[in-house]
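Asks:
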Amino acid sequence: MELIIGPRLYSTWSLRPWLVLKRCGADFTVREIDIHADREQLLQVSPSGLVPLLQVDGETIWDSMAISVWCAERWPEARLWPADAHARWLARSAACEMHGGFMALRTDCGMGPDHTMVGPDRSPPPTGEAVERDIRRIVALWTDMRARFGAGGQYLFGDWSIADAFFTPVATRFRHYQIDLAAHGDDGTAAAYRDVLLAQPDFLEWSADALR
Ligand SMILES: N[C@@H](CCC(=O)N[C@@H](CS)C(=O)NCC(=O)O)C(=O)O
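The sequence shown begins at 951 in my numbering and counts up by one.
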């Protein structure tokens, strides 16, 4: 089984299914393609011209959410969605909102050049109504889900789930762009959750590999 990804430094879409596969304990190899410098290699393997892709059982599964859902089917014991039905409905809603939305945040706060960067070299916070709206919405979503379903653990729905994989790149953006969550309605819950995502061991492994 091979996961084909873009450069670890900025391919946020690649990070998500990689975290999910790690969580499953999957035995997989990784092929990193420089998607801008090596378009030819990308187009040879990718029907959509995008990464990530999972090559498995003679098929190429494309799209980070499709790969994550495939993992949830293949490894039910990994409990990639919450066991509680209400939590599960909303975990899927939250992950899908991230997968399909927050365009202003994505546009104004690109992942590069270095999502692991901390200290004085970090980028200044973005300005603009649309990105402010996205940040407020994420703070409200995180706060609400943590309050309702987070009691059993540190993650959005208690135990780690696919929703956490999808929000990890948001946490890196909040750190990199020095976004003051309190100024966007946070009572401390969202900042604490951001820090949990940034300290998750698999994410730290990805970050270390990215800087190698
Ligand atoms: N909805 C897709 C989005 C994938 C995507 O946009 N991937 C970016 C890399 S982070 C890409 O392959 N870009 C290559 C290009 O635009 O040429 C998913 O979830 O996998």
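Virtual Cβ for every residue (Gly too), placed ideally from N, Cα, C.
1. Please confirm whether any heavy atom of ligand 1 lies closer than 7 Å to the CB of V1001.
2. Would you list the one or two residues that DSSP bridges to F1107?
3. Rounding to the nearest angstrom, what Cα-Cα distance links F1153 and D984 in this structure?
4. Is L1003 helix, strand or coil when you go by DSSP?
5. I need the straight-line Cα distance from F1099 to H1036, nearest angstrom please.
6. Indicate, with yes or no, if ligand 1 has a heavy atom lying under 7 Å from the CB of G1060.
7. With 16 as the cutoff for other CB atoms within 10 Å, does W1020 come out buried or exposed?
8. State the start and end residues of the unbroken alpha helix (DSSP H) segment that holds T1057.
9. Check whether the region 1037-1052 and the region 1012-1027 are in contact - that is, three or more C-beta pairs closer than 8 Å.
10. For P1063, does the count of other Cβ atoms within 10 angstroms reach 16, so buried, or fall short, so exposed?
11. Could you check how far apart the C-beta atoms of W968 and I955 are, in whole angstroms? I think they sit under 8 Å.
12. Would you identify the three-state DSSP class for W1012, choosing helix, strand or coil?
13. Have a look at the DSSP bridge pairing and note the partners of E952.
14. Quick one: is P997 buried, meaning 16 or more other Cβ sit within 10 Å of its Cβ, or exposed?
15. When you compare only the Cα positions, how much space is there between H1134 and Q1104?
16. Taking 7 Å as the cut-off, is the C-beta of S1018 nearer than that to any heavy atom in ligand 2?
Replies: Answer, in terms of the structure:
1. True, at least one ligand heavy atom lies under 7 Å from that Cβ.
2. D1109
3. 20 Å
4. strand
5. 9 Å
6. no
7. buried
8. M1053 to D1058
9. yes
10. Note that P1063 scores a pLDDT of 48, beneath 50, so its modelled location is shaky and nothing firm can be said.
11. 6 Å
12. Residue state, collapsed to three classes: strand.
13. T979 and Q1005
14. Burial call: exposed.
15. 21 Å
16. Ligand 2 is absent from the structure shown, which contains only ligand 1.
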